[in-house]
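Here's the structure, in structure tokens; my notes come after.
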Amino acid sequence: MSDEKKNIDKRDSLKVITSNEFILARELSSMSLKARKLLYITIAQCRKGDTGFFEYSITIPEFAEMMGIAATNVYQEAFSITKELAGASITILPKGGKRFEHYPLTARCRYDEASCIIIQLNPAMTDLLLNLRGSFTQPLLHDFVKMRSPYSMALWHLMQKEMHSRKPGPEDCIEFEISLQELREVTGTQGKLRQIGEFKSRVLDKALREIRDNCGVTITYENIKESRTIKGFLFKAVSKYHINQTKIKPETIAKADAFEQKRIREMTDLEKAEYDRLTEGAEQLSLDDYF
Numbered sequence: 016m017s018d019e020k021k022n023i024d025k026r027d028s029l030k031v032i033t034s035n036e037f038i039l040a041r042e043l044s045s046m047s048l049k050a051r052k053l054l055y056i057t058i059a060q061c062r063k064g065d066t067g068f069f070e071y072s073i074t075i076p077e078f079a080e081m082m083g084i085a086a087t088n089v090y091q092e093a094f095s096i097t098k099e100l101a102g103a104s105i106t107i108l109p110k111g112g113k114r115f116e117h118y119p120l121t122a123r124c125r126y127d128e129a130s131c132i133i134i135q136l137n138p139a140m141t142d143l144l145l146n147l148r149g150s151f152t153q154p155l156l157h158d159f160v161k162m163r164s165p166y167s168m169a170l171w172h173l174m175q176k177e178m179h180s181r182k183p184g185p186e187d188c189i190e191f192e193i194s195l196q197e198l199r200e201v202t203g204t205q206g207k208l209r210q211i212g213e214f215k216s217r218v219l220d221k222a223l224r225e226i227r228d229n230c231g232v233t234i235t236y237e238n239i240k241e242s243r244t245i246k247g248f249l250f251k252a253v254s255k256y257h258i259n260q261t262k263i264k265p266e267t268i269a270k271a272d273a274f275e276q277k278r279i280r281e282m283t284d285l286e287k288a289e290y291d292r293l294t295e296g297a298e299q300l301s302l303d304d305y306f
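Counted the way the numbering used here counts, the sequence shown spans residues 16 to 306.
Right under this line is the structure:
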């Protein structure tokens, strides 16, 4: 554990990297939306090579912006949210046997004289959050911060696990199955909304709409039944801007192919000589230098 303090990074490219065991911890479903967002913001600050958790500092304006809180209520909200986070814990149930592990989520949360909220994760959780190998998931933090429902956060995190942290490209379709039991566990609805129609309308369908709007991924599903009982769902995820190749006219595809062949035709000797002259001694360029 390090006492060094770091300011939070708010870049859209940050990822919430956790072990898959962490995603399935049932206690996460009982957290409020804002406390869970603050937890994910903190987890996203971890970097490859870190051996412990730093103290992460969030200014009050940053906190208000990321939480969607009015300036007049920010201190009271900060007190309430950090108190909830400081008192939260999760339980990990390793596969096989009857073992269990309880983890408080944070070492401490505090508000300092510089009007900053400072959070440090529990150092015992390094195996769940740092230098992970194999079974882990890394969705974008940006996908979560604008969500308005804890159900959406829980389901997108679970779905990203099944999608191997991918998002479909314009022509892709990613298919995966999730059991109804697992969906209920991560949303905390095991004893609620017992009618499947209620669960779909109030949890699943609403979450999928928010995932579409925030993550740019449209997800549809089909029931998986045993006899007449729904046991789970087959999900199909496509880009919000999905291109269905089967609906493109053959003549359009033919024209596109012809254009591509013309574009990639072999250069003439004169063109090759000019290209070699222009690139002689040049270092390899990366698109990252421009975007």
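Think of the CB as a built atom: it goes at the ideal place given N, C-alpha and C, for glycine as much as any other residue.
Where Gln135 is concerned, the enclosing beta strand (DSSP E) starts and stops at Cys131 to Leu136. For Glu237 against Phe248, the beta-carbon gap comes to about 7 Å, under 8 Å, which counts as contact. The DSSP assignment places complete alpha helix (DSSP H) segments of no fewer than 4 residues inside the region 20-103 at 35-38, 48-58, 75-82 and 89-102, in order along the chain. Contiguous alpha helix (DSSP H) elements confined to the region 134-195 occur at 141-144, 156-160 and 165-177, taking only those with 4 or more residues.
Looking at Ser44, Ser104, Thr244 and Glu128, the one whose alpha-carbon comes closest to that of His117 is Ser104.
Under the three-state reduction of DSSP output, Gly247 falls in the strand class. When only Cα atoms are considered, Ser164 and Met46 end up about 11 Å apart.
Here Ser254 is bridged, per DSSP, to Val232. For Glu128, the secondary structure class from DSSP, reduced to helix, strand or coil, is coil. In this structure, Gln175 lies away from Phe68, with their beta-carbon atoms at least 8 Å apart. Assignment of Lys215 by DSSP, reduced to helix, strand and coil, places it in the helix class.
For Pro119, the enclosing beta strand (DSSP E) starts and ends at Glu116 to Pro119.
Classified as buried, Ala93 has 16 or more neighbouring CB atoms from the shown chains inside 10 Å of its CB. Under DSSP, Glu237 shares a beta bridge with Leu249.
Contact annotation, Phe159 with Lys63: C-beta distance approximately 20 Å; criterion of less than 8 Å not satisfied. Listed in chain order, the non-local C-beta contacts of Met168 below 8 Å within the same chain comprise Leu48, Arg51, Lys52, Tyr55, Phe159 and Met162, local neighbours out to five positions each way being set aside. Contact between Tyr166 and Ala79 fails: their C-beta atoms lie close to 24 Å from each other, not under 8 Å.
In the three-state scheme derived from DSSP, where H, G and I count as helix and E and B as strand, Thr202 is classed as helix. Between Thr233 and Lys255 the beta-carbon gap is near 6 Å, inside 8 Å, which marks them as a contact. The beta carbons of Thr121 and Leu100 sit about 6 Å from each other, so the pair counts as a contact at 8 Å. Residue environment analysis places Pro109 among the exposed positions, since fewer than 16 neighbouring C-beta atoms fall within 10 angstroms of its C-beta. In this structure, Arg199 is the residue among Arg125, Arg199 and Glu225 with its C-alpha nearest to the C-alpha of Glu213. The count of Cβ pairs closer than 8 Å, one atom from the region 30-47 and one from the region 144-159, reaches three, so the stretches are in contact. Leu144 has its alpha-carbon roughly 36 Å from the corresponding atom of Gln210. A residue is called buried once 16 or more other Cβ atoms fall within 10 Å of its Cβ, and Pro183 is buried on that count. The Cβ atoms of Glu190 and Phe250 lie closer than 8 Å to each other.
Just measuring C-alpha positions, the residue of Cys188, Asp142, Phe115 and Gly203 sitting nearest Leu43 is Gly203. Apart from the 5 residues on each side of it in sequence, Ile96 sits with its Cβ closer than 8 Å to the Cβ of Ser47, Lys49, Ala50, Leu53 and Met82 in its chain, given in chain order.
One alpha carbon belongs to Asp65, the other to Pro138, and they sit about 12 Å apart.
Around the beta-carbon of Gln91, fewer than 16 other beta-carbon atoms lie within 10 Å, marking it exposed. Residue pairing of Arg123 in beta bridges, as defined by DSSP: Gln135.
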